[in-house]
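Working notes, structure below.
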Amino acid sequence: MAGECEMRKIEMLGVDSQRFRELAKSRMPTGAGLADNIYARAFRTGRLDARAEGASEANARAWEESFDVGLLELVDRADDLGSEGTTTKLVFAVRDGHRIESVSIPMHGGNRTLCISSQIGCARGCAFCETGRGGLERNLAASEIVGQVLSASLALGVRFRNIVFMGMGEPLDNLAEVAQAIAVLRDRRAFSYSIERMTVCTSGDAAGIRALAALGLKRLNLSVSLNAARDELRSSLMPVNRSTPLASLAAALADYPSRRNFVLVVNYCLLPGLNDSREDARAIAGFCSAVGRSLVNLIPYNPGSEPIAPSPTESEIGRFIGLLEAEGVPVRRRAGKGGAVMAACGQLGGRGQGMDAERPALDQPCI
Ligand code: SF4
């Protein structure tokens, strides 16, 4: 793991409790028996506090010389007060000075979802996306991915109900670190998240989807950013479609191991004049029938710093929902959350509204 080999100190947020125990045994001359308690406390408080777990002064210093929690520094935040609650974009500094973003999204019943980033920048270059505009800077380490969850939880004083890999970056392009982060998030001494509470959202690289499936995380939710169901249009909006055209994408999604009642969420950002015709609705119906049980999550476009379309009007949204329903496609409309702070889909890591970096919000991933 990056947290283990790149730094002298091991970042606790990047390792699960079993690995932490093993590392403690190999690095601590005495007192390794405190490992479980020290680990659990770090995930509750964000601090490495061996003294509070009964370590002697000398032993506590030894812990601090070998380990570091890896909490991220919150450097900015912006709130968008919507009718369904407040969407909050959080900007964190990582150790090399880069900024990454997470978005806390209100859900029904007072719960919150945290949308987290998996890369700094993104190589996928989707036309509507602020993050992709600058290309890929680097992958995030598992500790930096998990760090968003702990730092956001502590900053906002909430336990997030759902975790969605839909922030900056394509999670399947950083699968090893994303998988390690999922392991830590699930660890009962860390966050104890059930895997059904996590969703990976992909732009749709078939090889990546098959690599994720091969991990055998059968209850992990997957969602896809479709945005166009005609190859020519989708290739112009999402370059990934040139290597994974729609038929290959649908086949990979249909093979994704799902639990009973699994519903694939198909994100569709509505771009007026580009992807909202009757023909588009028919093409979506064809795609959905090929992937199995699915639900279209219709996301009104939030123009960023370089808009490719206007925001859809209420009547344009209603009309397209009607077209989808006429085709028999299950559809829900996602309320536009976070647009005022550039925390809506496709808007993280870009420019605008008082923060230097921004991009998406979500219920699901990258747009
Ligand atoms: S939408 Fe997602 S995959 Fe596409 S460029 Fe943006 S972050 Fe990357």
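Numbering (this note's numbering), first residue to last: 1284 to 1650.
A virtual CB, placed ideally from N, CA and C, is assigned to each residue, including glycine.
Computed from a predicted model, the values in this text were never measured in an experiment.
Does the distance from the C-beta atom of T1396 to that of N1445 stay below 8 Å?
Within the sequence shown, numbered from 1, the residue matching residue 1396 stands at position 113. Within the sequence shown, numbered from 1, the residue matching residue 1445 stands at position 162. Yes, they are a contact pair.
Based on Cα-Cα distance, which residue from V1429, D1563, S1541 and A1335 lies nearest to V1461?
Locating residue 1461 in the sequence shown gives position 178, counting from the first residue. Selected option, being the one with the closest Cα: V1429.
Option nearest P1595 by Cα separation, candidates P1312, C1552, E1347 and G1392:
Position 312 of the sequence shown, counted from the first residue, corresponds to residue 1595. For the residues P1312, C1552, E1347 and G1392, the minimum Cα distance to P1595 belongs to C1552.
From what residue to what residue does the alpha helix (DSSP H) around E1305 run?
Numbered from its first residue, the sequence shown carries residue 1305 at position 22. Where E1305 is concerned, the enclosing alpha helix (DSSP H) stretches over S1300 to R1310.
Should S1572 go down as buried or exposed, given a rule of 16 or more other Cβ atoms within 10 Å for buried?
Start at 1 with the first residue of the sequence shown, and residue 1572 comes out as number 289. The residue is exposed, with fewer than 16 neighbouring Cβ atoms inside 10 Å.
Can you name, in chain order, every residue of its own chain whose Cβ lies under 8 Å from the Cβ of R1615, other than the five neighbours on each side?
Locating residue 1615 in the sequence shown gives position 332, counting from the first residue. Counting only Cβ-Cβ distances below 8 Å, and skipping sequence neighbours, we find L1578, V1579, N1580 and L1581.
Just checking my contact of V1507 with L1495 at CB under 8 Å: how many whole Å lie between their CB atoms?
As a working note, residue 1507 is residue 224 in the sequence shown. As a working note, residue 1495 is residue 212 in the sequence shown. Their Cβ separation, rounded to whole angstroms, is 12 Å, which puts V1507 and L1495 out of contact at 8 Å.
Below 8 Å between beta carbons: does that hold for N1422 and N1457?
Sequence index remark: in the sequence shown, residue 1422 carries index 139 (1-based). Sequence index remark: in the sequence shown, residue 1457 carries index 174 (1-based). Taking the C-beta atoms as reference points, N1457 is found nearer than 8 Å to N1422.
Would you tell me roughly how many angstroms separate the C-alpha atoms of R1502 and F1545, rounded to the nearest one?
Locating residue 1502 in the sequence shown gives position 219, where the first residue counts as 1. Locating residue 1545 in the sequence shown gives position 262, where the first residue counts as 1. Answer to the nearest angstrom: the Cα atoms are 8 Å apart.
I'd like the span of the beta strand (DSSP E) that includes V1374, first residue to last.
Residue mapping note: residue 1374 aligns to position 91 of the sequence shown, counting from 1. Bounds of the beta strand (DSSP E) holding V1374 are G1368 to A1376.
In the DSSP assignment, what are the bridge partners of E1384?
Sequence index remark: in the sequence shown, residue 1384 carries index 101 (1-based). For E1384, which the question treats as bridged, DSSP gives the partners V1374.
Let me check one thing: in DSSP terms, what residues is T1482 bridge-paired to?
Position 199 of the sequence shown, counted from the first residue, corresponds to residue 1482. According to DSSP, T1482 bridges with V1447 and N1504.
Considering G1404, what are the terminal residues of the beta strand (DSSP E) in which it resides?
Taking the first residue of the sequence shown as position 1, residue 1404 is located at position 121. Boundaries of the beta strand (DSSP E) harbouring G1404: Q1402 to G1404, taken from the DSSP string.
Distance, Cα to Cα, D1332 vs G1353?
The sequence position of residue 1332 within the sequence shown is 49, counting from 1. The sequence position of residue 1353 within the sequence shown is 70, counting from 1. The alpha-carbon separation between D1332 and G1353 amounts to approximately 13 Å.
Considering only C-alpha positions, which residue in the set P1389, R1407 and E1305 is nearest to S1519?
Here residue 1519 is taken as the residue at index 236 of the sequence shown, counted from 1. When only C-alpha atoms are compared, the closest one is R1407.
Just to confirm before moving on: does the CB-CB distance between P1613 and I1600 stay below 8 Å?
Translated into the one-based positions of the sequence shown, residue 1613 becomes position 330. Translated into the one-based positions of the sequence shown, residue 1600 becomes position 317. No, the pair does not count as a contact, with Cβ atoms beyond the cut-off.
Give me the residue from A1609, F1375, R1416 and G1365 with the minimum Cα distance to H1391.
Residue 1391 sits at position 108 when you count from the first residue of the sequence shown. When each option's Cα is compared against that of H1391, the closest is G1365.
With distances taken from CA atoms, which of A1497, L1505, R1471 and I1492 is nearest F1448?
Residue mapping note: residue 1448 aligns to position 165 of the sequence shown, counting from 1. Minimum Cα-Cα distance from F1448 among the listed residues A1497, L1505, R1471 and I1492 corresponds to L1505.
Contacts around S1300, its chain only, beta-carbon distance under 7 Å, and the 5 residues preceding and following it disregarded:
For this step, residue 1300 is matched to residue 17 along the sequence shown. Excluding residues within five positions, the ones whose Cβ falls inside 7 Å are D1319, Y1322, D1470, R1472 and A1473.
Evaluate V1298 with the Cβ neighbour count: other Cβ atoms within 10 Å of its Cβ, from every protein chain shown; 16 or more gives buried, anything less gives exposed.
Here the question's residue 1298 lines up with position 15 in the sequence shown. V1298 should be labelled buried.
Let's see if you can read the secondary structure: which residues bound the alpha helix (DSSP H) around N1524?
For this step, residue 1524 is matched to residue 241 along the sequence shown. That run of the alpha helix (DSSP H) goes V1523 to S1526.
Please find out if some non-hydrogen atom of ligand 3 comes closer than 7 Å to the beta-carbon of E1453.
Ligands displayed in this structure: ligand 1; ligand 3 is not among them.
Cα-Cα separation, P1540 to S1486
Residue numbering aside, residue 1540 sits at position 257 when the sequence shown is read from its first letter. Residue numbering aside, residue 1486 sits at position 203 when the sequence shown is read from its first letter. Looking at the two C-alpha atoms, the distance is approximately 18 Å.
Integer Cβ distance of V1377 from E1413, believed to fall under 8 Å:
Counting from one through the sequence shown, the residue named residue 1377 turns up at place 94. Counting from one through the sequence shown, the residue named residue 1413 turns up at place 130. Rounded to whole angstroms, the Cβ separation of V1377 and E1413 is 19 Å, and the two are not in contact under 8 Å.
Rounded distance between the beta-carbons of G1450 and C1409, thought under 8 Å
Locating residue 1409 in the sequence shown gives position 126, where the first residue counts as 1. Locating residue 1450 in the sequence shown gives position 167, where the first residue counts as 1. Between C1409 and G1450, the beta carbon gap of about 14 Å keeps them out of contact (Cβ cut-off 8 Å).
Environment of A1489 [buried if 16+ CB atoms lie within 10 Å]
Along the sequence shown, one-based indexing puts residue 1489 at 206. Buried, by the Cβ-count rule.
In terms of DSSP beta bridges, what is D1363 paired with?
Reading the sequence shown from its first residue, position 80 is the one you call residue 1363. Beta-bridge pairing links D1363 to T1370.
Distance between R1513 and E1420 (C-alpha atoms, nearest Å):
Position 137 of the sequence shown, counted from the first residue, corresponds to residue 1420. Position 230 of the sequence shown, counted from the first residue, corresponds to residue 1513. Roughly 30 Å between the two C-alpha positions.
Between G1393, M1521 and P1389, which has its C-alpha nearest E1690's C-alpha?
The structure shown does not extend to residue 1690, since the chain spans only 1284 to 1650, so no value can be given for it.
Coil, strand or helix - C1571 by DSSP
Taking the first residue of the sequence shown as position 1, residue 1571 is located at position 288. Of the three classes helix, strand and coil, the one that applies to C1571 here is helix, per DSSP.
Are the Cβ atoms of R1334 and A1341 separated by less than 8 Å?
On the sequence shown, residue 1334 is found 51 positions in, with the first residue counted as 1. On the sequence shown, residue 1341 is found 58 positions in, with the first residue counted as 1. R1334 places its beta carbon 8 Å or farther from that of A1341.
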